[in-house]
Amino acid sequence: MMQKDGCGQAGWPSQPRDIDEFVSDMLRKGDELYRDLPWRNVDDPYAVLVSEIMLQQTQVSRVGRFWERFLSAFPTLDALAAAAVPDVLELWQGLGYNRRALALKRTADQCAAEGEGRLPETCEGLLALPGIGPATAAGVVAFAYQRPAVYLETNVRSVFLHELFPAEEAVSDKVLLPLVEAAAFHPVAAADPRRWYYGLLDYGAYLKATVPNPSRRSSGHTRQSAFEGSRRQKRAWITRRVLAAPEGVRRAVVLADLNKAELAAARPEVDAELFASIIADLLTEGFFREEAGLLIP
DNA sequence: TTCCAGAGCG
DNA sequence: CGCTCGGGAA
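If you're matching positions, the first sequence starts at 0 in numbering that gives the first Met the number 0 and goes up one per residue.
Rendered as structure tokens:
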């Protein structure tokens, strides 16, 4: 879009480079670094959603195999809605963040019940579903529906920080969002949202492999706590243990087995209070249920 | 050690 | 906002 008054387009900084040049440069970089990933140029919104959920905080290299297995087991939203939770969780094992599997399953349930087995076509509609936040909703809109959207995730963030804030520290998303929006709705980018964001993702991934992670200069950037010995390592272990017992298993047995594993790994024993707290969380979140003293998947 | 196509909760 | 949530590759 041409600038109307010489003050720059709304939401775009008037300083170093104008938006036309930025969009054009990024498209060129993106085409040059294009990665032909299995979930790209796929029209099925459900298949795109599954990829977006799996890719939340999860590296691309890990997702490929899981995405294909998941879609072949649950090819449609209705198929996922008809599936049993333990089967969904079982397929998710090894991918991480098991909550995502539960949320995806609930999304399928809701769409099957209220949406005639179809996903909403707007960001607002998608945002109302469990496990779908601003980034995932925008990803589905851009990649499945081919409509411009504000898709701000770590690779896109890295590109904007690297290109437009090369020296600043602690840049907030509040500053970045209007820029991401202005660029996405720029006519040249908006003409092909898939191409626009595939390019930003690929360029962002390239940057992380070649320069210090630009996203470290995001104000929201935090480092994760260690996984080894953590509560969530125990959560994951317990989830697997219960999944392995289709007929159910007593708490005491799970705790004893868990402590065997902890001992074998040279970690301290898990006390009853911590164990009960983790079980309570997992029950509340719907990983399994408890009936007659048995934990049942 | 670091961080990953984030979301949901208090 | 700050915290939690998996698991592996580099």
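Cβ atoms here follow ideal geometry from the backbone N, Cα and C, with glycine treated the same way.
What residue range does the beta strand (DSSP E) around Leu293 cover? Within the first sequence, numbered from 1, the residue matching residue 293 stands at position 294. Unbroken beta strand (DSSP E) run through Leu293: 293–295.
In chain order, what residues of the same chain have a beta carbon less than 6 Å from the beta carbon of Gly5, not counting five sequence neighbours either side? Along the first sequence, one-based indexing puts residue 5 at 6. Below a pLDDT of 50, predicted positions are generally treated as unreliable, and Gly5, at 42, falls in that range; the measurement from the model is reported next regardless. Non-local beta-carbon contacts of Gly5 in its own chain, meaning distances under 6 Å to residues more than five positions away in sequence, are absent.
Can you tell me whether Asp201 is buried or exposed, with buried defined as 16 or more other CB within 10 angstroms of its CB? Position 202 of the first sequence, counted from the first residue, corresponds to residue 201. Classification for Asp201: buried.
C-alpha distance - Thr75 paired with Ala46, whole-angstrom precision: Position 76 of the first sequence, counting from 1, holds the residue named residue 75. Position 47 of the first sequence, counting from 1, holds the residue named residue 46. Straight-line Cα distance between these residues: approximately 8 Å.
Is the CB-CB distance between Phe360 and Val179 below 9 Å? Residue 360 lies beyond the residue range present for the chain, which begins at 0 and ends at 296; the question has no answer from this structure.
Between which two residues does the alpha helix (DSSP H) containing Arg27 stretch? Taking the first sequence and counting its residues from 1, one reaches residue 27 at position 28. Looking at the DSSP string, the run of the alpha helix (DSSP H) that includes Arg27 is 18–31.
Less than 9 Å separating the beta-carbons of Ala182 and Phe21? To locate residue 182, count along the first sequence from 1; it is residue 183. To locate residue 21, count along the first sequence from 1; it is residue 22. Contact: yes.
Using the three-state DSSP reduction, which class does Glu289 fall into: helix, strand or coil? The residue you call residue 289 lines up with position 290 of the first sequence. Strand at Glu289.
Straight-line CA distance for Ala141 to Gly132? Working through the first sequence from its first residue, we reach residue 141 at position 142. Working through the first sequence from its first residue, we reach residue 132 at position 133. When rounded, the distance between both Cα atoms is 14 Å.
Measure the C-alpha to C-alpha separation of Gly116 and Tyr144 and round it to an integer number of angstroms. Position 117 of the first sequence, counted from the first residue, corresponds to residue 116. Position 145 of the first sequence, counted from the first residue, corresponds to residue 144. Going by the C-alpha atoms only, they are around 17 Å apart.
Looking at the strands, I want to know which residues DSSP matches up with Val248. Position 249 of the first sequence, counted from the first residue, corresponds to residue 248. Looking at the DSSP output, Val248 sits in a beta bridge with Leu294.
Three or more C-beta pairs closer than 8 Å, one from the stretch 227–242 and one from the stretch 257–267: is that the case here? yes
Please determine whether the Cβ atom of Glu123 lies at a distance below 8 Å from any heavy atom of the ligand MN. Within the structure as shown, the ligand MN is missing, as the structure has no ligands at all.
Which residue wins for smallest C-alpha separation from Val248, given the options Gly63, Trp11, Ala291? Residue mapping note: residue 248 aligns to position 249 of the first sequence, counting from 1. The candidate whose alpha carbon is nearest that of Val248 is Ala291.
So, using beta-carbon positions, are Leu126 and Leu118 closer together than 9 Å? Here residue 126 refers to the residue found at position 127 of the first sequence. Here residue 118 refers to the residue found at position 119 of the first sequence. Not closer than 9 Å, so no.
Run through DSSP, which three-state label would Val41 get? Within the first sequence, numbered from 1, the residue matching residue 41 stands at position 42. If DSSP states are grouped into helix, strand and coil, Val41 belongs with coil.
Exposed or buried, which one is Ala102 when buried takes at least 16 other CB atoms within 10 Å? Against the first sequence, residue 102 aligns to sequence position 103. Flag for Ala102 reads buried.
Helix, strand or coil at Ser60 [DSSP, three-state]: The residue labelled residue 60 in the question sits at position 61 within the first sequence. DSSP places Ser60 in helix when its eight states are reduced to three.
Give every residue of the same chain whose Cβ lies closer than 8 Å to the Cβ of Glu89, excluding the five residues on either side of it in the sequence, and list them in chain order. Residue numbering aside, residue 89 sits at position 90 when the first sequence is read from its first letter. Excluding positions up to five away in sequence, the list reads Leu242.
For Leu32 and Gly228, I'd like the C-alpha separation in whole angstroms. Numbered from 1 along the first sequence, position 33 holds the residue referred to as residue 32. Numbered from 1 along the first sequence, position 229 holds the residue referred to as residue 228. Spanning the two alpha carbons is a distance of roughly 39 Å.
Given this structure, state the Cα-to-Cα distance separating Glu289 from Val62, to the nearest angstrom. Indexing the first sequence from 1 puts residue 289 at position 290. Indexing the first sequence from 1 puts residue 62 at position 63. Spanning the two alpha carbons is a distance of roughly 32 Å.
Selection from Ser71, Ala136, Pro37, Ala83 that minimises the alpha carbon distance to Val52: Along the first sequence, one-based indexing puts residue 52 at 53. In the sequence on display, residue 52 carries Ile and not Val. The shortest Cα separation from Ile52 among Ser71, Ala136, Pro37, Ala83 belongs to Ala136.
Asp35: which of Val49, Leu26, Val59, Pro12 sits nearest, CA to CA? Along the first sequence, one-based indexing puts residue 35 at 36. When the alpha-carbon of Asp35 is set against those of Val49, Leu26, Val59, Pro12, the nearest one is in Val59.
Member of Ala208, Pro192, Thr153, Thr209 whose CA lies at the smallest distance from the CA of Ser217: For the purposes of this step, residue 217 is taken as the residue at position 218 of the first sequence. That would be Thr153, whose Cα lies nearest to the Cα of Ser217.
Rounded to the nearest angstrom, how far is the Cβ of Gly29 from that of Arg194, given a contact under 8 Å? Taking the first residue of the first sequence as position 1, residue 29 is located at position 30. Taking the first residue of the first sequence as position 1, residue 194 is located at position 195. Confirmed, about 7 Å.
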